[in-house]
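Participant: Sharing a structure, written as structure tokens. Questions coming.
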Ligand SMILES: Cc1cc2nc3c(=O)[nH]c(=O)nc-3n(C[C@H](O)[C@H](O)[C@H](O)COP(=O)(O)OP(=O)(O)OC[C@H]3O[C@@H](n4cnc5c(N)ncnc54)[C@H](O)[C@@H]3O)c2cc1C
């Protein structure tokens with residue numbers, strides 16, 4: 001009986017459609033967008049005051065492109081960036097190409113995507129943010145740090161979104 005009552009305490013009466021995502025980076029926003037496209041309400045908690053602007057990723061390959069295609073963002077990415085069919089590595093001083101790595105844009109072999117799509121990470125982050133929030137189902141809470149999730153949270157709080165805030169303003 002004890003396990004039944006603790007089970008019912010953790011199980012919402014009806015299935016909840018709210019999801020809490022930690023971090024408004026590429027992955028958090030991509031997940032938020034996918035969930036929103038499935039009709040799910042998402043709250044994203046981001047500890048910084050704005051989206052990340054660090055120049056990290058720039059090139060996206062088949063595995064990422066297949067996931068991004070499911071979110072319908074490839075046409076916008078192509079508009080803002082560009083697609084190539086591989087790499088050429090060379091000697092900068094001599095100007096010689098010393099190696100080539102072809103990554104053909106074989107749409108059949110790679111689920112309708114292919115090649116390498118180039119777009120700076122901050123631009124893709126912004127694009128995903130805009131697409132996600134435009135659904136009306138995604139809210140990004142800036143300057144909030146998720147520090148703890150109670151084991152008994154059981155979604156009753158997620159329904160209204162209440163992660164513990166980092167009141168000390170720590171960045172961790
Ligand atoms: C130099 C470099 C080059 C790269 N090049 C490529 C590339 O060409 N192609 C490619 O596909 N990938 C590349 N990557 C990898 C790519 O950058 C990462 O895979 C990607 O950033 C991961 O996204 P993420 O959302 O998981 O993490 P992040 O982008 O790091 O986002 C995490 C977010 O969570 C927030 N956060 C963290 N803790 C908390 C908390 N407790 N509460 C609230 N918010 C929190 C952070 O502030 C941040 O905004 C590169 C990485 C580096 C470092």
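Residue numbers (the numbering used here): 1 to 172.
No residue lacks a Cβ here, since even glycine has one placed at the ideal position from N, Cα and C.
Computed from a prediction, not measured in an experiment: that's the story for all the values here.
1) Count the CB pairs spanning the region 89–106 and the region 70–79 that are closer than 8 Å, and state whether there are at least three.
2) Tell me, please, whether the region 136–147 touches the region 114–121 by the rule of three or more beta-carbon pairs shorter than 8 Å.
3) Taking residue 18 as the reference, which of 82, 115 and 44 has the closest Cα?
4) Select from 41, 103, 38 and 52 the residue whose C-alpha is nearest the C-alpha of residue 26.
5) Suppose you measure from the CA of residue 98 to the CA of residue 87; what does that come to, to the nearest Å?
6) How would you call residue 38, buried or exposed, if buried means at least 16 neighbouring beta carbons within 10 angstroms?
7) Please state the DSSP three-state secondary structure of residue 55.
8) With DSSP as the reference, label residue 28 as helix, strand or coil.
9) Report yes if the C-beta distance between residue 29 and residue 135 is below 8 Å; otherwise report no.
10) Would you check whether ligand 1 has a heavy atom nearer than 7 Å to the C-beta of residue 24?
Facilitator: So, from the listed chains and residues:
1) In short, these stretches do not touch, since the Cβ pair count stays below three.
2) The region 136–147 is not in contact with the region 114–121.
3) Here the closest residue by C-alpha is 44.
4) It is 52 whose Cα lies nearest to the Cα of residue 26.
5) The alpha-carbon separation between residue 98 and residue 87 amounts to approximately 11 Å.
6) By the 10 Å Cβ count, residue 38 comes out exposed.
7) Note: residue 55 maps to coil in three-state DSSP.
8) Here residue 28 sits in helix by DSSP.
9) Result no, Cβ atoms of residue 29 and residue 135 do not sit closer than 8 Å.
10) At least one heavy atom of ligand 1 is nearer than 7 Å to the Cβ of residue 24, so yes.
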